[in-house]
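Respectively, the protein sequence lines represent chains R and V. The C-terminal residue of the first sequence carries number 732 in the working numbering, and the numbering is unbroken. The C-terminal residue of the second sequence carries number 1015 in the working numbering, and the numbering is unbroken. From the three backbone atoms N, C-alpha and C, an ideal C-beta is built for every residue, glycine too.
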Amino acid sequence: MRTNMTRREFLRLAGLTLAISLTPSGYRMLSAEEVAKDKSFNPNVWLQITPDNMVTIVVNKSEMGQGVYTSLPMIVADELEAEWKGVKIKVAPAGDKYIDPVWGMQATGGSTSVRHMFEPLRKAGAAAREMLVSAASKKWGVPVSECEASQGSVIHKKSNRKQTYGQLCEDASQLIVPQNPTLKKEGHFRIIGKPFDRLDVIEKVNGSAVFGIDVFIPNMLYASIERPPAYGAQALSYDIKAALKIAGVHYVIDVQSPSYGYRGKAVCAESIEKAWKGRTALKVKWDKGSHPELNNESLQKMLIGHLKKDGVVARSDGDTKLALNKAFRKVEATYVLPFLYHATMEPMNCTAHVTADKCEIWVPTQNQTGVLKAAEKITGLKPDQIYVHTTYLGGGFGRRFETDVVEEAIQLSKATGRPIKLIWSREEDVKNDLYRPANCCKIEGGIDDKGRLVAWSHKVVVPSIFSRVFPQMMKNGIDPAAVEGIENMEYEIPNVYVEYVRLDTPVPVGFWRSVGSTHNAFTVECFIDELSHAAKKDSLEFRLNHLKNHKRAYKVLEVAAEKAGWRRPLKKGQGRGIAQHLSFGSYVAQVAEVSVDEKIGTIKVHRVVCAVDCGDVINPAIITAQMEGGITMGLSAALKEGIELESGGVASSNFHNYELLRMHEAPDIEVHIIRSKEKLGGIGEPGVPPIAPAVANAVFNATGIRLRRLPMTPETVKGAMGKM
Amino acid sequence: MITLEVNQKKYDFDVSPDVPLLWVIREHLKLTGTKYGCGMSLCGACTVHIDGKAQRSCQIPVVEAQGKKITTIEGIPENHPVKKAWVKAQVPQCGYCQSGQIMQAIALLSEKPNPKEEEIMNVMNGNLCRCGTYRKIKKAITMAAKGGKK
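Right under this line is the structure:
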């Protein structure tokens, strides 16, 4: 169950309401009354217990499939000792009252929802529990120590008395909020750590879940935008009159976005089909744009060419150059990876209604703070005049962190004075993404005569994401995404040199599920495999030998290999490959079993065994689902995906020429969760990075072919065979 | 004027006959469980039943659906074995493609009550899921098939 709500509505409800906020001096908890008085208090968690025995948790994170509408309430419910069936969530609006305590903004990304919200959610639940127990003890005139909270009630065993939270919540709301409630001890969790069913499944099965594209506002117009086909293209000619002649077409408007530049010509009409007809009638002719020479070949040239340039040093241990020169054996390889499209199944869309004193936005977004800021900028309204309704997200994967579609819809509503529902076509969605950066690497490695790794030099050429999105996080010219997974790799090597060459192309780049780790895990984990082969060692053994002091990485490798039967012989023609990667605080290792049809060059992935250590476990079913999802998406990218460029723009247009993995290509997946009790790690993204290298390494194991280029299409496989 | 029968209910409305059925169902009738994914019959998110057969509603001009019985996800009873299996197997993640998946699965099982894995894949291959729920979809279909056996 989910509904949108406002702060005022929340405070008006009867019962016990708690809010909790991270302040410089620690967490601070307030009752509804105190919150109403103290306007400066910006809570991160809201929790409410009402006389109908319901527990409502306001969730400030977006649900895009990763399960936060279930895992976050589970944390509160457990500390509260609530009855799970009485727990529901409300989706937070956008505003300072709902910011992520660690980030200081309201957004969902970086696999952080549970990590950032775990502590405040537990404290809120525990504080409410203590207040309910106190209320009962006062009512009954017995010591608090004799009262026990259990499954939505407080019980006094000695006198066999019991009251539900609903009966106690009004009394409890009169008490002082404890600032340091006692959290449950290990072993006392009833909900945390168990595979509870998701709260959003029923409405996603019966079709009633409301995504952004499902929003209707009275009197709204539909908008569709004719967009430049090439980067920087300007309209040479167009026929506004012809478009306006179509019945039901009301406006043709040029759309300029403050953050994303010129967007194209929007047609606003009474129905979506009329908007499309208007677009066709516009007959826009575009010029060649700013980079007509940009295509697949020119991009390759640019990437490879930049390997010759000097970059910024991201890590330098020892003397890598000297160690490489003195090495017993030296290996060198170059890897090239393409731009990737997010391909959320729900195309970009947004509905906005701007009036003189109010702006309402309905949008599937990962970035409420960004939406709010964009709306402020475009409308000139104040934050408290802007209302953001976050719907379900039909996939996010980082794409919905961007506010391009939001800025377009707000512009159009402001210009027309009407509510606007803007829906991108799939073609617009493919061609106007902010892609996972294309990149290339040159890596050199040195081994001594005992087969130990003595040096690793890694140069990565890649466009920068952070310089646009969070420029304040660029350090000494280094984009953290560009080198993540290389600069912090855990292999124990005395001489390591990591260099980053920034190459910005006209193609915009953004966060794509697991970000820099998607490409850096591929190059690092393929190259370590190449080195193990050069050292004539088993590739698992070789990795373990260089991770003796990194027990979490060591353990995931060991578990994945053991569960996969690493030393068991495979069927003829099959190969096995392994890879591990640390990202977003979680360690993941995967073993892939593949076979290769060397005549046509196709790769079949039969089975993937995954081991994950994300520290504590909230909901193992959700962790497993996220690992499966990450593996499937990562495999799709590894085998099939890459944006094609042509004549200064994107040539790929829909799922026939940007193909995604389908059911018959999806392998059997086995997930093993290692409950290490270490620091909590993320779960939405870390499943993605290891799969591409695990598959490439398995292909080598099966055929002796090293694939150093993605995607691993039949052409890539045959191309690599030709070089053997 | 177009007349459509959707989920055993008749609707009369004024719309150009060439508009794809998908957009009529979604934006005119507001039965939004049926989703837009690609507009080219490549992803299966828009799958509905027309006279009991699974069809991609993005490819059918509304005029061609006149006089036929259309069923959308909203017209499938809550206690339908496939819906129940989908809940039991906890299939959805983001959920966007699931209506189409379920409609395709129901049509599959009505033709082949006990499909082999290969048969499941042949039919379900037309439905994309970016979240990677394929394994659970297979599981749910197998569960629903077994439930139907009794």
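From residue i to residue j, what does the alpha carbon distance come to, in whole angstroms?
{"i": "SER245 (chain R)", "j": "LYS296 (chain R)", "result": "13 Å"}
{"i": "ASP60 (chain R)", "j": "THR399 (chain R)", "result": "26 Å"}
{"i": "GLN480 (chain R)", "j": "THR31 (chain R)", "result": "22 Å"}
{"i": "VAL679 (chain R)", "j": "ASP437 (chain R)", "result": "32 Å"}
{"i": "LYS874 (chain V)", "j": "ILE428 (chain R)", "result": "29 Å"}
{"i": "GLY326 (chain R)", "j": "ALA335 (chain R)", "result": "14 Å"}
{"i": "GLN393 (chain R)", "j": "LEU669 (chain R)", "result": "44 Å"}
{"i": "ILE83 (chain R)", "j": "LYS366 (chain R)", "result": "36 Å"}
{"i": "GLU649 (chain R)", "j": "SER660 (chain R)", "result": "10 Å"}
{"i": "LEU647 (chain R)", "j": "TRP432 (chain R)", "result": "27 Å"}
{"i": "LYS381 (chain R)", "j": "ALA102 (chain R)", "result": "10 Å"}
{"i": "GLU984 (chain V)", "j": "TYR876 (chain V)", "result": "36 Å"}
{"i": "ASN503 (chain R)", "j": "VAL462 (chain R)", "result": "6 Å"}
{"i": "GLU808 (chain V)", "j": "GLN931 (chain V)", "result": "Any property of residue 808 (chain V) remains undetermined from this structure, which presents chain V solely from 866 to 1015."}
{"i": "PHE409 (chain R)", "j": "ASP179 (chain R)", "result": "42 Å"}
{"i": "PHE737 (chain R)", "j": "ARG169 (chain R)", "result": "Given a span of 9 to 732 for chain R in the structure shown, any question on residue 737 (chain R) remains unanswerable."}
{"i": "LEU389 (chain R)", "j": "ALA383 (chain R)", "result": "8 Å"}
{"i": "TYR270 (chain R)", "j": "GLU415 (chain R)", "result": "11 Å"}
{"i": "PRO346 (chain R)", "j": "ARG130 (chain R)", "result": "42 Å"}
{"i": "PHE519 (chain R)", "j": "MET635 (chain R)", "result": "19 Å"}
{"i": "ILE1002 (chain V)", "j": "ASP916 (chain V)", "result": "24 Å"}
{"i": "GLU500 (chain R)", "j": "LYS338 (chain R)", "result": "17 Å"}
{"i": "PRO266 (chain R)", "j": "SER306 (chain R)", "result": "30 Å"}
{"i": "ALA250 (chain R)", "j": "PHE219 (chain R)", "result": "34 Å"}
{"i": "PRO837 (chain V)", "j": "VAL928 (chain V)", "result": "There is no way to answer for residue 837 (chain V), as the model of chain V reaches only from 866 to 1015."}
{"i": "ILE455 (chain R)", "j": "LEU539 (chain R)", "result": "8 Å"}
{"i": "PRO203 (chain R)", "j": "GLN598 (chain R)", "result": "22 Å"}
{"i": "SER79 (chain R)", "j": "SER975 (chain V)", "result": "36 Å"}
Which residue or residues does DSSP assign as beta-bridge partners of residue i?
{"i": "ARG510 (chain R)", "result": "R:VAL470"}
{"i": "ASP621 (chain R)", "result": "R:TYR595"}
{"i": "HIS589 (chain R)", "result": "R:VAL596"}
{"i": "ALA463 (chain R)", "result": "R:GLY454 and R:ASN503"}
{"i": "CYS155 (chain R)", "result": "R:HIS164"}
{"i": "ARG921 (chain V)", "result": "V:THR912"}
{"i": "VAL95 (chain R)", "result": "R:VAL63"}
{"i": "ASP877 (chain V)", "result": "V:THR868"}
{"i": "THR288 (chain R)", "result": "Answer is none; THR288 (chain R) lacks a bridge partner."}
{"i": "GLY6 (chain R)", "result": "This structure cannot settle anything about residue 6 (chain R), because the visible part of chain R is limited to 9 through 732."}
{"i": "ALA143 (chain R)", "result": "Per DSSP, none; premise fails for ALA143 (chain R)."}
Taking its Cβ as the centre, do 16 or more other Cβ atoms sit within 10 Å of residue i, making it buried, or is it exposed?
{"i": "THR116 (chain R)", "result": "buried"}
{"i": "GLY453 (chain R)", "result": "buried"}
{"i": "HIS350 (chain R)", "result": "buried"}
{"i": "LEU26 (chain R)", "result": "buried"}
{"i": "ALA364 (chain R)", "result": "exposed"}
{"i": "ARG521 (chain R)", "result": "buried"}
{"i": "HIS893 (chain V)", "result": "buried"}
{"i": "MET9 (chain R)", "result": "Bear in mind that a pLDDT of 41 at MET9 (chain R), under 50, signals an unreliable position, so the number given afterwards is only what the model happens to contain. Flag for MET9 (chain R) reads exposed."}
Measuring CB to CB, does residue i end up less than 9 Å from residue j?
{"i": "ALA322 (chain R)", "j": "VAL491 (chain R)", "result": "yes"}
{"i": "ILE699 (chain R)", "j": "LEU643 (chain R)", "result": "yes"}
{"i": "GLY902 (chain V)", "j": "MET353 (chain R)", "result": "yes"}
{"i": "THR387 (chain R)", "j": "VAL413 (chain R)", "result": "no"}
{"i": "ALA919 (chain V)", "j": "MET968 (chain V)", "result": "yes"}
{"i": "LEU896 (chain V)", "j": "GLY256 (chain R)", "result": "no"}
{"i": "ALA706 (chain R)", "j": "ARG584 (chain R)", "result": "yes"}
{"i": "GLY201 (chain R)", "j": "GLU91 (chain R)", "result": "no"}
{"i": "GLU652 (chain R)", "j": "ASN440 (chain R)", "result": "no"}
{"i": "VAL76 (chain R)", "j": "VAL122 (chain R)", "result": "yes"}
{"i": "GLU4 (chain R)", "j": "LYS273 (chain R)", "result": "Given a span of 9 to 732 for chain R in the structure shown, any question on residue 4 (chain R) remains unanswerable."}
{"i": "ARG615 (chain R)", "j": "ILE682 (chain R)", "result": "no"}
{"i": "GLY940 (chain V)", "j": "ASN987 (chain V)", "result": "no"}
{"i": "LEU886 (chain V)", "j": "PRO946 (chain V)", "result": "no"}
Should residue i be listed as close to the ligand MN, given that the test is whether its C-beta is under 8 Å from any heavy atom?
{"i": "VAL223 (chain R)", "result": "What this structure holds is no ligand at all, so the ligand MN is not there to describe."}
Can you list, in chain order, the stretches of the alpha helix (DSSP H) that have 4 or more residues and sit fully within the stretch 293 to 364 of chain R? 304 to 314 and 328 to 334
Which ranges does the beta strand (DSSP E) cover as unbroken runs of at least 3 residues, wholly within the stretch 238 to 286 of chain R, from first to last along the chain? 243 to 245, 257 to 265 and 269 to 277
Unbroken alpha helix (DSSP H) runs of length 4 or more, entirely within the stretch 367 to 411 of chain R: which are they? 376 to 387
Counting only runs of 4+ residues fully inside the stretch 622 to 691 of chain R, write out the alpha helix (DSSP H) ranges in chain order. 628 to 648
Identify every run of the beta strand (DSSP E) within the stretch 69 to 131 of chain R, keeping only runs that are complete inside it and at least 3 residues long; order them along the chain. 95 to 99
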